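I have placed the structure first, in the form of structure tokens, so that the comments after it can refer back to it.
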Amino acid sequence: MTWISAVVVGVLALFVSGTFAFSVWTDKEARRTRSRVDLLIAALNSAVVLVVVHQLLPWSSVPVALWLLPVLLVAAGVAGAVLRWPGLPWLRPDRSRRRIVADVVLEVVVAAAVVVVLVVL
Amino acid sequence: MSGVERRAGRGGRRVAAAVVAGVVTLALGAAAIPRPPALSAETTGDEALIQRVRDELPAGAFDRLAVAVVDGDEVARADFGTATGPGADEFEIGSVTKTVTASMYALAQQRGEVQRESTLGELLGVTGDASSITLEELATQHSGLPRLPADLPFTGRVLLSNLSGADPYTDDVAALVGQASRAEVDDEKPYGYSNFGMALLGQALAAAADTPWEQLVAERVAEPLGLADTYAPGDPDGLRADAPTGFTASGRHADAWTMRAFGPAGSVRSTLDDMVAYTVAQRDDRAPGVIATQPLVEAGGGGAEIGWAWMTTPHDGDGDGGRDGGGDGADGNEGSAPGGTSTWHNGMTGGYASFVGFDRDSDRAVVVLSSSAVSLDDLAFALLEEEK
Numbered sequence: 056m057t058w059i060s061a062v063v064v065g066v067l068a069l070f071v072s073g074t075f076a077f078s079v080w081t082d083k084e085a086r087r088t089r090s091r092v093d094l095l096i097a098a099l100n101s102a103v104v105l106v107v108v109h110q111l112l113p114w115s116s117v118p119v120a121l122w123l124l125p126v127l128l129v130a131a132g133v134a135g136a137v138l139r140w141p142g143l144p145w146l147r148p149d150r151s152r153r154r155i156v157a158d159v160v161l162e163v164v165v166a167a168a169v170v171v172v173l174v175v176l
Numbered sequence: 004m005s006g007v008e009r010r011a012g013r014g015g016r017r018v019a020a021a022v023v024a025g026v027v028t029l030a031l032g033a034a035a036i037p038r039p040p041a042l043s044a045e046t047t048g049d050e051a052l053i054q055r056v057r058d059e060l061p062a063g064a065f066d067r068l069a070v071a072v073v074d075g076d077e078v079a080r081a082d083f084g085t086a087t088g089p090g091a092d093e094f095e096i097g098s099v100t101k102t103v104t105a106s107m108y109a110l111a112q113q114r115g116e117v118q119r120e121s122t123l124g125e126l127l128g129v130t131g132d133a134s135s136i137t138l139e140e141l142a143t144q145h146s147g148l149p150r151l152p153a154d155l156p157f158t159g160r161v162l163l164s165n166l167s168g169a170d171p172y173t174d175d176v177a178a179l180v181g182q183a184s185r186a187e188v189d190d191e192k193p194y195g196y197s198n199f200g201m202a203l204l205g206q207a208l209a210a211a212a213d214t215p216w217e218q219l220v221a222e223r224v225a226e227p228l229g230l231a232d233t234y235a236p237g238d239p240d241g242l243r244a245d246a247p248t249g250f251t252a253s254g255r256h257a258d259a260w261t262m263r264a265f266g267p268a269g270s271v272r273s274t275l276d277d278m279v280a281y282t283v284a285q286r287d288d289r290a291p292g293v294i295a296t297q298p299l300v301e302a303g304g305g306g307a308e309i310g311w312a313w314m315t316t317p318h319d320g321d322g323d324g325g326r327d328g329g330g331d332g333a334d335g336n337e338g339s340a341p342g343g344t345s346t347w348h349n350g351m352t353g354g355y356a357s358f359v360g361f362d363r364d365s366d367r368a369v370v371v372l373s374s375s376a377v378s379l380d381d382l383a384f385a386l387l388e389e390e391k
């Protein structure tokens, strides 16, 4: 992996995990997670980027302590998700059930493909 | 208990659950902290060489490493985490395998099994543009074939294996022949390093001898030179018990590359002892098929020439060394002895890097084997070309 692609992967990981943490802790209504399914998808995305970062970054040349940055953000996101969970509906009321199902299936398939390629194969 | 108290109790439990969930996530993440390989601290060999190798290693995920510098009959070794002697831990030598295939090409001519003008159409039944490619063109990397087959499935496997660390070369000989029959060939046939072409050369030699290429490696190269720990596995079932695997450049485990039909381009496994014996035999003109080392045609500019797989480049002090066009890519170095030439080949698989080279004028040979896919060509050339 080149340095440029390593930086891109690192920034992407911080963005995704940071978005997850922000979405459960922010007071801004427009940015907040609006359903339990959204929470689960955001958590799944964060877990996948952790796998990507763990498997692809050249850790021999990068301080391994940097690994803890996205982990901290995900941990903050998980803690916030637990707090917000009871107050959320399962599904967003402003979206059709068909679209939600399609989004979930796509997310799960992509996540599974990434994990299979990077970890299982 | 009032409603307010009940709500306060639920809120307190929720906060506690959130803290526990966050701490557990953090603990799991900390437990999974990346643990990249580090160059083995277990060293044996020449202390000065060990120190020099340590000083000149580039950044990267190193693990096992074995280096030898041979001046005349005097061998200086630097082993990092690698046992020596019979049964020592083996390495994938990657594209250094091409020199083994080149030796077998020379031997097959001596035995009358093939001629330089024998074609892929005659020996393997290849059709299309590639049918008229000769073995000589394949051996000198002037076949006009691309570096790898341009098939979509093959390209997809290569991309996937870059992520997964798997061996992308899973085609059998029939599939290889099919890829060749569909291949576009550059009519001008300039120098062009090709794993595809070298795989076809090896399989053509196997067809001419009616013997699997892996068996030819054992019978015609390894056994005559007494290389007990050098072999071509052919497929994963052919790996020896406890065959080690290496690491990608980023420090992930990589699968063994057995390469199936592409084996003649890069599948041989060996040890430092065996590769020293092999390289010194080439340097001393006593290896089977040693004529393969003689430079024949230009290869990529900068004064570089190629024989049958073997590259010959002027020492870096004489120009740019012409190394960019040969092997798996190499850069120049400074402080080299002027006036000489290096004959060499390097190699790289998913989890290994390698280099063998010699200079007949200075009577020196160098072997570098590493269990991580980080090129050590700069170190190897520095060792090979420095003034005594």
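In the order they appear, the protein sequences are chains A and B.
According to our numbering, the first sequence holds residues 56 to 176 in order.
According to our numbering, the second sequence holds residues 4 to 391 in order.
Where is the CB? At the ideal position from N, CA and C, for every residue including glycine.
All values reported here derive from a predicted model rather than from experimental measurement.
Alpha-carbon spacing of residue i relative to residue j, whole angstroms
| i | j | result |
| --- | --- | --- |
| Asp174/B | Tyr281/B | 29 Å |
| Asp238/B | Glu308/B | 33 Å |
| Gly324/B | Ala356/B | Residue confidence for Gly324/B is low, a pLDDT of 48 falling below 50, so the modelled location carries little weight and cannot support an answer. |
| Arg38/B | Val119/A | 8 Å |
| Ile96/A | Val156/A | 12 Å |
| Leu94/B | Met351/B | The identity of residue 94/B in the sequence shown is Phe, whereas the question assumes Leu. About 11 Å. |
| Lys391/B | Leu105/A | 50 Å |
| Asp299/B | Lys192/B | Note that residue 299/B corresponds to Leu in the displayed sequence, not to Asp. Computed Cα separation, rounded: 15 Å. |
| Ala284/B | Asp362/B | 12 Å |
| Ser72/A | Asp93/A | 14 Å |
| Pro61/B | Arg263/B | 32 Å |
| Thr88/A | Thr248/B | 45 Å |
| Ser135/B | Leu126/B | 11 Å |
| Ser197/B | Gly147/B | 9 Å |
| Asp213/B | Ala225/B | 19 Å |
| Arg114/B | Met314/B | 25 Å |
| His348/B | Ser106/B | 13 Å |
| Ala153/B | Met201/B | 16 Å |
| Val370/B | Leu69/A | 43 Å |
| Ala177/A | Leu111/A | Residue 177/A lies beyond the stretch modelled for chain A, which goes from 56 to 176, so this question has no answer here. |
| Gly124/B | Phe65/B | 43 Å |
| Gly304/B | His145/B | 14 Å |
| Phe265/B | Asp287/B | 29 Å |
| Asp319/B | Gly195/B | 22 Å |
| Gly229/B | Asp277/B | 8 Å |
| Asp76/B | Thr47/B | 19 Å |
| Ala34/B | Val159/A | 29 Å |
| Tyr172/B | Ala246/B | 18 Å |
| Ser253/B | Phe199/B | 26 Å |
Sheet register partners of residue i (DSSP bridge)
| i | result |
| --- | --- |
| Asp74/B | Glu77/B, Arg367/B |
| Glu191/B | Glu191/B pairs with nothing; no bridge assigned. |
| Ala385/B | Paired residues: none, contrary to the question. |
| Tyr234/B | Arg272/B |
| Thr46/B | Phe83/B |
| Phe250/B | His256/B, Ser375/B |
Assigned secondary structure, residue i (DSSP; H/G/I helix, E/B strand, else coil)
| i | result |
| --- | --- |
| Met314/B | strand |
| Arg17/B | helix |
| Ser345/B | strand |
| Ala225/B | helix |
| Ala359/B | Residue identity check: residue 359/B is Val in the sequence provided, not Ala. Val359/B falls in the strand class under three-state DSSP. |
| Val133/A | helix |
| Ile36/B | coil |
| Arg272/B | strand |
| His109/A | helix |
| Val172/A | helix |
| Ala98/A | helix |
| Ser374/B | coil |
| Thr85/B | coil |
| Glu140/B | helix |
| Glu93/B | coil |
| Gly350/B | strand |
| Ala177/B | helix |
| Ala290/B | coil |
| Glu162/A | helix |
| Ala30/B | helix |
| Thr122/B | strand |
Residue i: CB within 7 Å of a non-hydrogen atom of the ligand SAM
| i | result |
| --- | --- |
| Val79/A | Among the ligands in the structure shown, none appear at all, so the ligand SAM cannot be discussed. |
8 Å contact criterion, which residue i and residue j should meet: CB distance rounded
| i | j | result |
| --- | --- | --- |
| Ala312/B | Ala111/B | Actually they do not touch by this definition, with Cβ atoms about 14 Å apart. |
| Thr233/B | Ser273/B | 4 Å |
| Ser52/A | Val129/A | Absent from the structure is residue 52/A, since the part of chain A shown begins at 56 and ends at 176. |
| Asp132/B | Ala186/B | 7 Å |
| Thr251/B | Gly159/B | The Cβ separation is near 19 Å, so there is no contact. |
Proximity test, Cβ basis, 8 Å: residue i and chain C
| i | result |
| --- | --- |
| Gly159/B | Checking the listed chains, one finds no chain C in this structure; the protein chains it contains are A and B. |
Which residues of the stretch 148-173 of chain A have a Cβ closer than 8 Å to any Cβ of chain B? Give them in chain order.
Val172, Leu173
Contact set between the stretch 163-197 of chain B and chain A, restricted to residues whose Cβ is under 7 Å from the partner: Leu163, Leu166, Ser167, Ala169
Exercise for review: Taking a Cβ distance cut-off of 8 Å, strictly less, list which residues of the stretch 107-118 of chain A are near chain B, in chain order.
Suggested key: His109, Gln110, Leu111, Leu112, Pro113, Trp114, Ser115, Ser116
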